[in-house]
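Asks: Got a structure here, written out as structure tokens. Questions coming.
Residue numbers (my numbering): 14 to 291.
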């Protein structure tokens with residue numbers, strides 16, 4: 014009689030890979046044989062953890078087949094768009110190219126996870142670290158339990174950063190200033206509704222005067238006085254990269270509307286800018 018040990022054979026590398034995929038995606042299926050469509054089906058049911066691991070296996074050639082990784086990111090994105098359109102961040106206009114679906118989905122997942130916290134601290138840190146090396150689009154709304162300075166430090170080459178509606182307050186101005194000065198790749202910065210006030214705006218003005226990569230800046234709804242907006246405008250005048258600026262919806266009294274409007278005209282005359290102040 015042949016023992017069970019003698020009958021046992023090593024599973025194929027392919028089978029091991031698919032078992033890993035199933036484990037990470039939380040989706041159990043027959044792992045051998047499996048078609049390209051089957052792999053994409055697993056992808057469609059995966060968490061971002063699973064997708065990153067699947068992508069790594071595919072990109073390293075561990076699975077003996079050709080699957081377009083952009084295709085499964087696109088499928089996942091469009092399925093999520095069908096299920097919950099508000100989940101995805103609407104940033105298509107600033108991030109183009111075949112990598113868009115991967116970037117937009119992971120950035121959306123990160124934003125929603127920071128806001129709603131379904132992961133524990135260890136898994137959240139693990140996910141952030143998995144994304145930190147190549148995430149170009151970073152969107153952070155309201156968040157808790159994570160230090161802003163630490164969080165931004167994980168994305169040193171982000172092209173597009175949004176802290177819209179984060180309500181981080183004036184104390185975050187220095188952190189954002191340091192980030193702008195360190196990141197030589199940053200092109201768009203959305204600080205709408207961050208409650209930065211004049212103190213935060215002053216810090217950011219220092220970075221604006223130095224940056225050579227930033228093309229678009231949104232600082233609307235930030236409780237900035239007309240004096241604070243003038244400080245920002247002075248920095249914008251010495252900046253050679255910014256072309257689109259929104260400083261509107263800040264603290265204006267009736268007497269300040271005309272001076273603010275005149276400031277906008279002066280800025281447009283001084284430089285070729287698309288700028289909103291009033």
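A virtual CB, placed ideally from N, CA and C, is assigned to each residue, including glycine. All values reported here derive from a predicted model rather than from experimental measurement.
Quick check on residue 257: does DSSP put it in helix, strand or coil?
Replies: Reading the chain shown from its first residue, position 244 is the one you call residue 257. Strand, per DSSP.
Asks: Bridge partners for residue 201 per DSSP, in chain order?
Replies: Residue numbering aside, residue 201 sits at position 188 when the chain shown is read from its first letter. BP columns for residue 201 point to 173 and 229.
Asks: Between which two residues does the alpha helix (DSSP H) harbouring residue 271 extend?
Replies: Start at 1 with the first residue of the chain shown, and residue 271 comes out as number 258. Residue 271 -> alpha helix (DSSP H) spans 270-283.
Asks: In angstroms, rounded to a whole number, what distance separates the CA positions of residue 215 and residue 116?
Replies: Residue numbering aside, residue 215 sits at position 202 when the chain shown is read from its first letter. Residue numbering aside, residue 116 sits at position 103 when the chain shown is read from its first letter. Taking the straight line joining both Cα atoms gives about 32 Å.
Asks: Residue 253 to residue 246, Cα distance in whole Å?
Replies: Numbered from its first residue, the chain shown carries residue 253 at position 240. Numbered from its first residue, the chain shown carries residue 246 at position 233. Taking the straight line from one Cα to the other gives about 13 Å.
Asks: Quick check: the segment 165-183 against the segment 138-156, are there 3 or more CB pairs under 8 Å?
Replies: Result yes; three or more Cβ-Cβ pairs closer than 8 Å.
Asks: Out of 218, 227 and 223, which has the shortest C-alpha to C-alpha gap to residue 237?
Replies: Here residue 237 refers to the residue found at position 224 when the chain shown is read from its first residue. If we check each option's Cα against that of residue 237, 218 comes out closest.
Asks: Report the option in 122, 83, 84 and 228 whose CA atom is closest to the CA atom of residue 100.
Replies: Taking the first residue of the chain shown as position 1, residue 100 is located at position 87. The shortest C-alpha separation from residue 100 is found at 122.
Asks: What are the boundary residues of the alpha helix (DSSP H) that residue 179 is part of?
Replies: Position 166 of the chain shown holds residue 179. Segment: none, residue 179 is in no alpha helix (DSSP H) and carries neither H nor E.
Asks: Are there 16 or more other CB atoms within 10 angstroms of the CB of residue 186, so buried, or fewer, so exposed?
Replies: By one-based count along the chain shown, residue 186 stands at place 173. Looking at its Cβ environment, which holds 16 or more other Cβ atoms inside 10 Å, residue 186 is buried.
Asks: Whole angstroms is fine: what's the gap from residue 45's alpha carbon to residue 225's?
Replies: What you label residue 45 is simply residue 32 of the chain shown in a count that begins at 1. What you label residue 225 is simply residue 212 of the chain shown in a count that begins at 1. Low per-residue confidence applies at residue 45: pLDDT is 44, beneath 50, and the placement is therefore not dependable, though the value from the model is reported in the following sentence. Their backbone Cα atoms lie some 53 Å apart in a straight line.
Asks: Do you know how far the Cα of residue 203 is from the Cα of residue 260?
Replies: Here residue 260 corresponds to residue number 247 of the chain shown, with the count starting at 1. Here residue 203 corresponds to residue number 190 of the chain shown, with the count starting at 1. Looking at the two C-alpha atoms, the distance is approximately 11 Å.
Asks: Is residue 256 close to the ligand ATP? I mean its beta-carbon at under 6 Å from any heavy atom of the ligand.
Replies: In terms of ligand content, the structure shown is empty, and the ligand ATP therefore cannot be addressed.
Asks: I'd like the list of long-range same chain contacts for residue 161, defined as Cβ closer than 7 Å, with 5 residues on each side in sequence excluded.
Replies: Counting from one through the chain shown, the residue named residue 161 turns up at place 148. Taken in chain order, the residues that qualify are 181, 185 and 188.
Asks: Can you find the residues in the same chain that come closer than 6 Å, C-beta to C-beta, to residue 178, ignoring five residues on each side of it along the sequence?
Replies: Sequence index remark: in the chain shown, residue 178 carries index 165 (1-based). The residues are 154 and 206.
Asks: Mapping DSSP to helix, strand and coil, what is residue 293?
Replies: The chain is shown only over 14 to 291; residue 293 falls outside these bounds and no answer can be derived.
Asks: Would you list the residues sitting across from residue 287 in a DSSP beta bridge?
Replies: In the chain shown, residue 287 corresponds to position 274, counting from 1. Looking at the DSSP assignment, residue 287 forms a beta bridge with 257.
Asks: With distances taken from CA atoms, which of 249, 90, 128 and 136 is nearest residue 119?
Replies: Counting from one through the chain shown, the residue named residue 119 turns up at place 106. For residue 119, the nearest C-alpha among the options comes from 90.
Asks: Can you tell which of 233, 263, 267 and 129 has the C-alpha that lies nearest to the C-alpha of residue 159?
Replies: Here residue 159 is taken as the residue at index 146 of the chain shown, counted from 1. Of the listed residues, the one whose Cα sits closest to residue 159 is 129.
Asks: If you follow the alpha helix (DSSP H) that residue 91 is in, where does it begin and where does it stop?
Replies: Within the chain shown, residue 91 is the residue found at index 78, counting from 1. Segment 82-96, the alpha helix (DSSP H) holding residue 91.
Asks: Based on Cα-Cα distance, which residue from 156, 196, 241 and 165 lies nearest to residue 145?
Replies: For this step, residue 145 is matched to residue 132 along the chain shown. Taking only the C-alpha atoms, the option nearest residue 145 is 165.
Asks: Report the option in 112, 221, 88 and 210 whose CA atom is closest to the CA atom of residue 263.
Replies: Counted from its first residue, the chain shown places residue 263 at position 250. Checking every option, the nearest Cα to that of residue 263 belongs to 210.
Asks: Compare the Cα-Cα distances from residue 190 to each of 95, 223 and 167 and report the closest residue.
Replies: Counting from 1 along the chain shown, the entry for residue 190 is found at position 177. When only C-alpha atoms are compared, the closest one is 223.
Asks: Confirm, please, whether the CB-CB distance from residue 200 to residue 243 is below 7 Å.
Replies: In the chain shown, counting from the first residue as 1, residue 243 sits at position 230. In the chain shown, counting from the first residue as 1, residue 200 sits at position 187. It is not a contact, given that the beta carbons lie outside the stated cut-off.
Asks: DSSP state of residue 45, grouped into three classes?
Replies: Taking the first residue of the chain shown as position 1, residue 45 is located at position 32. Because residue 45 sits at a pLDDT of 44, beneath the cut-off of 50, its placement in the model cannot be relied upon, and the following sentence gives the value as read from the coordinates. Of the three classes helix, strand and coil, the one that applies to residue 45 here is coil, per DSSP.
Asks: So the alpha helix (DSSP H) residue 115 belongs to, where does it begin and stop?
Replies: Position 102 of the chain shown, counted from the start, is the residue given in the question as residue 115. From DSSP, the alpha helix (DSSP H) with residue 115 extends over 113-129.
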